[in-house]
Amino acid sequence: MGIAPAGAGDLDALVRLEERAFAGDRLSRRSLRRFAAKRNGLLLVARCGGQVAGYVLVLMRKGSQRARLYSIAIDGARRGRGIGQALLGAGELSARRAGAGSIYLEVRADNESAIALYRKTGYRQFATIDGYYHDGAMALRLEKALADGAADRKGRDLT
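Everything in the sequence shown is counted per this note's numbering, starting at -18 for the first residue and increasing by one.
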């Protein structure tokens, strides 16, 4: 498995992954293309055997010390192989290198496997949001302190 920034050639696979991974609140092709090109965001893909097996999207506002894990998805046929944890770590490292001192995310309150991964890797819940998702499901807001982001800084870009 390898992890690298998404390219234009990955868009079809990313759109298919979005359709399989999420019932609603999906990222569009246009959004995925835009996020891949943004200077304040990082869209990384995990590849297994040359195929896109998952992605992570991290955003960071200019001047902010806080990154947002905006989305992460793993191909259902490849779950349980450490891909999610590897993508999570790569996204966190990129945020830390960009100067983030913490990273936060929202996760469906009923997504037990994702919540278990986040807790296992050091995330702590700090809020709940009723009716957050398209179907009215509640979200948990989780956050993780990152190692000294300033020490790892390579500029404001996540690339």
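Beta carbons: idealized from backbone N, C-alpha and C, even for Gly.
Enclosing alpha helix (DSSP H) for residue i [first to last residue]
i    : result
Y114 : Looking at the DSSP string, Y114 is not in any alpha helix (DSSP H), and its letter there is neither H nor E.
K101 : E93 to K101
Residue burial classification, residue i (beta-carbon count within 10 angstroms, cutoff 16)
i      : result
S9     : exposed
G44    : exposed
A(-11) : exposed
G136   : Residue placement at G136 cannot be trusted, given a pLDDT of 43 that sits under 50; what the coordinates show is reported in the next sentence. Under this definition G136 is an exposed residue.
Residues of its chain near residue i, where Cβ-Cβ distance is below 7 Å and the 5 sequence neighbours each way are ignored
i    : result
T140 : Reliability of the predicted coordinates at T140 is poor, the pLDDT of 39 falling under 50, and the value obtained from them is presented with this limitation in mind. Correct list, in chain order: P(-14) and L23.
L74  : none
Check whether residue i and residue j have beta carbons under 7 Å apart
i      : j     : result
M(-18) : A27   : yes
L127   : Q106  : no
A48    : A81   : yes
L13    : L(-8) : yes
I55    : G63   : no
Where the beta strand (DSSP E) containing residue i begins and where it ends
i      : result
G(-17) : G(-17) to P(-14)
R15    : No beta strand (DSSP E) contains R15, which is instead part of the alpha helix (DSSP H) from R10 to A18.
Any C-beta of chain B under 7 Å from that of residue i
i  : result
A4 : No chain B is part of this structure, which consists of one protein chain only.
Close beta carbons around residue i, own chain, < 8 Å, minus the five adjacent residues each side
i   : result
G70 : T102
Q46 : G80, A81, G82, S83 and G130
Three Cβ pairs or more, each shorter than 8 Å: is that satisfied between the stretch 32 to 43 and the stretch 88 to 103?
no
Inspect the CB distances between the stretch 71 to 90 and the stretch 104 to 124 and report whether three or more fall short of 8 Å.
yes
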